[in-house]
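Chains as they are written, first to last, in my numbering: chain A, 239 to 533; chain B, 8 to 190. Where a beta carbon is used, it is the ideal one built from N, C-alpha and C, also for glycine. Computed from a predicted structure; not experimentally measured.
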Amino acid sequence: MYMDDFEYYRADSVENALELLADHDGAELIAGAHGLLPRMKTGDESPSALVDIGQLSGLDAIEARDGERDGDPGGISIGALATHTEIAESETVREHATALADAAAELGDPQVRNGGTIGGNLAHGDARSDPPAPLLALDGSLEVRSPDGERTIAATDLFEGPFETAVADDEIVTAVRVPTDADAVSGYHKRRDPLSGYAMVGVGVWLRTDGETIEAARVAVTGATTNPARLPAAEDELEGSAVSEETITEASAQAGTTLSDEAFVSDVQASAEYREHLLSIDTERTLYEVLEVDR
Amino acid sequence: MWKPPTVIANTTRGRTTEETRRQYMSEHEISVTVNGERHELAVEPRTLLVTALRDELGYTGANVGCETGRCGTCTVAVNGETIKSCTRLAVQTDGAEIETVEGLADDGDLTPLQESFQEHHGLQCGYCTPGMLLSADALLATNDDPTREEIREAIEGNLCRCTGYQNIVDAIEATADRLGERR
Ligand SMILES: Cc1cc2nc3c(=O)[nH]c(=O)nc-3n(C[C@@H](O)[C@H](O)[C@H](O)COP(=O)(O)OP(=O)(O)OC[C@H]3O[C@@H](n4cnc5c(N)ncnc54)[C@H](O)[C@@H]3O)c2cc1C
Ligand code: FES
Ligand code: FES
Numbered sequence: 239m240y241m242d243d244f245e246y247y248r249a250d251s252v253e254n255a256l257e258l259l260a261d262h263d264g265a266e267l268i269a270g271a272h273g274l275l276p277r278m279k280t281g282d283e284s285p286s287a288l289v290d291i292g293q294l295s296g297l298d299a300i301e302a303r304d305g306e307r308d309g310d311p312g313g314i315s316i317g318a319l320a321t322h323t324e325i326a327e328s329e330t331v332r333e334h335a336t337a338l339a340d341a342a343a344e345l346g347d348p349q350v351r352n353g354g355t356i357g358g359n360l361a362h363g364d365a366r367s368d369p370p371a372p373l374l375a376l377d378g379s380l381e382v383r384s385p386d387g388e389r390t391i392a393a394t395d396l397f398e399g400p401f402e403t404a405v406a407d408d409e410i411v412t413a414v415r416v417p418t419d420a421d422a423v424s425g426y427h428k429r430r431d432p433l434s435g436y437a438m439v440g441v442g443v444w445l446r447t448d449g450e451t452i453e454a455a456r457v458a459v460t461g462a463t464t465n466p467a468r469l470p471a472a473e474d475e476l477e478g479s480a481v482s483e484e485t486i487t488e489a490s491a492q493a494g495t496t497l498s499d500e501a502f503v504s505d506v507q508a509s510a511e512y513r514e515h516l517l518s519i520d521t522e523r524t525l526y527e528v529l530e531v532d533r
Numbered sequence: 008m009w010k011p012p013t014v015i016a017n018t019t020r021g022r023t024t025e026e027t028r029r030q031y032m033s034e035h036e037i038s039v040t041v042n043g044e045r046h047e048l049a050v051e052p053r054t055l056l057v058t059a060l061r062d063e064l065g066y067t068g069a070n071v072g073c074e075t076g077r078c079g080t081c082t083v084a085v086n087g088e089t090i091k092s093c094t095r096l097a098v099q100t101d102g103a104e105i106e107t108v109e110g111l112a113d114d115g116d117l118t119p120l121q122e123s124f125q126e127h128h129g130l131q132c133g134y135c136t137p138g139m140l141l142s143a144d145a146l147l148a149t150n151d152d153p154t155r156e157e158i159r160e161a162i163e164g165n166l167c168r169c170t171g172y173q174n175i176v177d178a179i180e181a182t183a184d185r186l187g188e189r190r
């Protein structure tokens, strides 16, 4: 397979990577190569240079941080270079950010999970990806560094369209952050596209309950839509409602109502109309699973 | 970006093709350890790991099937983790320890897993086998008593057009049983 030629630089630190990006016009980062390389092979992307951050040490740590302190928001921090395997196997992520662990475990296959990183996945903005829905449902964010310093990008500001994210060309994602809440539960349900293995419909759900009433809810979709999105109509239906079959049925029926018809992907596997239909069904499934309500 | 060498023909007089190639394609000197043996080689940045292993170093065990990361016949272990070597640049593995299917058998003595594939007819054409073996080997390294479901999940990234998978699952299951008896 003949890709266009390009220059290659291996960064030895985040600072070095930022310099290399700044020094080489048209340069792009590469981490696991599982998002970019397939697109370079097809000619969809052809960067003039690659800056490899895949071997940087210390950027793959997964840790739970105690409460807010020294400007740190607390919660969970997942290093950008953590692989999907590391996330799927992390007790910390499973306990405090179950939806993200579910998505990592359902992503691709064992080799793909060993190869791809969470930072690359979220920076790339492939709308068929799994992690975007849990990130939105968990109200997570990305920590990014640029020559100008650090900033945080909220999940709701991240996805700008197919392969477009708010991560700028001169920025490096260093960590994924997720707030934690001891009274909350979350989960992710994936309907695999039979051809690509990516999400045809992926639903992420986060709920805070006292066991009887749903106090707060966030629901998000990936794969079914051209851009991963929150589903406010379903969230409104859930918030303040009893944990019951009826609530689940009503919220699921609302799932796609805030999205325009054009928001849904239509391809050989499924029409936009069918995807909208599946979105309701899969929202229902995810809610049953997360709330552990028997049907 | 590399262009076909039209004018280059005039300027290359007196140089070897190798020198010309280097000048126009900025090669990188890398070193990798494959199955315990260290190799130094020069690769263009765009060379895939599977291409370097097969064409530069002669490890033809890793096959090329789809080149898109789907079929898994190019599976190798890089620093202990199985990946598809068509979805990694060779230059990214500079300094890495790589294991290919050639590294499994010790001086021609098949491993219990390989023997089991033979006994249970876990292969027909054999094209998927190198990848299947590495994925199965990775599973058995961390799980010595996998269920059939776990075996199927472990080989999810490896496609086989011949066997229908049943015999492959049998072969892996039997290996686990055999290793279990030995303990
Ligand atoms: C066969 C196959 C199946 C797959 N199946 C799925 C699936 O089912 N679900 C799914 O979600 N994904 C799937 N993927 C993609 C997934 O594996 C990758 O996690 C992901 O898309 C890219 O991560 P990466 O580390 O490989 O990034 P790379 O390919 O290295 O980079 C991707 C993009 O992100 C940028 N980038 C990388 N790291 C950073 C960083 N730290 N900061 C800023 N920018 C960065 C790069 O410049 C590039 O533009 C699949 C991939 C393959 C090859
Ligand atoms: S050749 Fe690499 S996965 Fe098919
Ligand atoms: S034995 Fe032929 S592809 Fe598996």
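- Under the criterion of beta carbons closer than 8 Å, Ile-175(B) and Gly-133(B) do not qualify as touching, at roughly 12 Å.
- Look at the stretch 146-164 of chain B: the residues with a C-beta under 9 Å from a C-beta of chain A are Leu-146, Glu-160, Ala-161, Ile-162, Glu-163, Gly-164.
- With 16 or more other Cβ atoms inside 10 Å of its own Cβ, Arg-415(A) counts as buried.
- Counting only residues of its own chain and dropping the five nearest sequence neighbours on each side, Glu-483(A) has a CB closer than 7 Å to the CB of Val-531, Arg-533.
- A straight line joining the alpha-carbon of Ile-158(B) with that of Ala-143(B) spans about 8 Å.
- Beyond the five residues adjoining it in sequence on each side, Gly-425(A) comes within less than 8 Å, by CB distance, of Thr-336, Ala-337, Asp-340, Gly-442, Val-443, Thr-524, Glu-527, Val-528 in the same chain, given in chain order.
- Closer than 7 Å to the CB of Glu-34(B) there is not a single CB belonging to chain A.
- Per DSSP, Gly-358(A) is not a residue of any beta strand (DSSP E); the alpha helix (DSSP H) it occupies stretches across 356-362.
- In this chain, the alpha helix (DSSP H) harbouring Arg-332(A) covers 329-334.
- In chain order, Asp-243, Phe-244, Glu-245, Tyr-246, Leu-288 make up the part of chain A whose C-beta sits under 8 Å from the C-beta of Pro-52(B).
- For Gly-72(B), the distance from the CB to the nearest heavy atom of ligand 2 is below 6 Å.
- Scanning its chain for C-beta atoms nearer than 6 Å, with the 5 sequence neighbours on each side dropped, one finds around Ile-268(A) the residues Leu-274, Leu-288, Asp-290, in chain order.
- The C-beta of Gln-492(A) comes no closer than 7 Å to any C-beta of chain B.
- With a threshold of 16 other beta carbon atoms within 10 Å, Phe-502(A) meets it and is buried.
- With a threshold of 7 Å between beta carbons, Gln-349(A) makes contact with chain B.
- Membership of Arg-430(A) in the beta strand (DSSP E) is indicated by the continuous run 422-430.
- Taking each of Leu-48(B), Glu-109(B), Cys-81(B), Glu-104(B) in turn and checking the Cα distance to Gln-349(A), the smallest one comes out for Cys-81(B).
- The beta carbon of Asn-465(A) sits no closer than 7 Å to any beta carbon of chain B.
- Contact between Asn-254(A) and Ala-365(A) does not hold, since the beta-carbon distance rounds to 32 Å and is not under 8 Å.
- Around Leu-96(B), the beta-carbon contacts reaching into chain A at under 9 Å are Tyr-246, Ile-268, Ala-271, Leu-275, Leu-288, Asp-290.
- From the listed residues Gly-264(A), Ala-320(A), Gly-313(A), Ser-384(A), the smallest Cα separation to Ile-356(A) is found for Ala-320(A).
- When CB distances to chain B are screened at a threshold of 8 Å, the residues of the stretch 343-376 of chain A falling below it are Gly-346, Asp-347, Pro-348, Gln-349, Val-350, Asn-352, Gly-353, in chain order.
- For the pair Leu-166(B) and Cys-78(B), the CB atoms are nearer than the 7 Å cut-off.
- For Tyr-66(B), the number of other beta carbons within 10 angstroms of its own is at least 16, and it is reported as buried.
- Asp-101(B) and Ile-316(A) have their C-alpha atoms spaced approximately 26 Å apart.
- The beta carbon of Gly-43(B) is closer than 8 Å to those of Gly-110 in its chain, skipping five residues each way along the sequence.
- Not a single heavy atom of ligand 1 lies less than 6 Å from the C-beta of Leu-130(B).
- Cys-81(B) has its Cβ no nearer than 6 Å to any heavy atom of ligand 3.
- Between Asp-368(A) and the set Gly-346(A), Gly-387(A), Arg-383(A), Pro-385(A), the nearest pair of CA atoms involves Gly-346(A).
- DSSP places Glu-44(B) in the uninterrupted beta strand (DSSP E) bounded by 44-50.
- Excluding five sequence positions before and after Arg-155(B), the CB atoms of its chain that fall closer than 8 Å to its own CB belong to Val-176, Glu-180, given in chain order.
- Under DSSP, His-35(B) takes part in a beta bridge, and its partners are Val-50(B).
- Taking a cut-off of 8 Å on C-beta distances, the stretch 404-419 of chain A touches the stretch 382-391 of chain A, as three or more cross pairs fall below it.
- Glu-47(B) is outside the set of residues whose beta carbon lies under 7 Å from a beta carbon in chain A.
- Around the beta carbon of Thr-149(B), fewer than 16 other beta carbons sit within 10 angstroms, so the residue counts as exposed.
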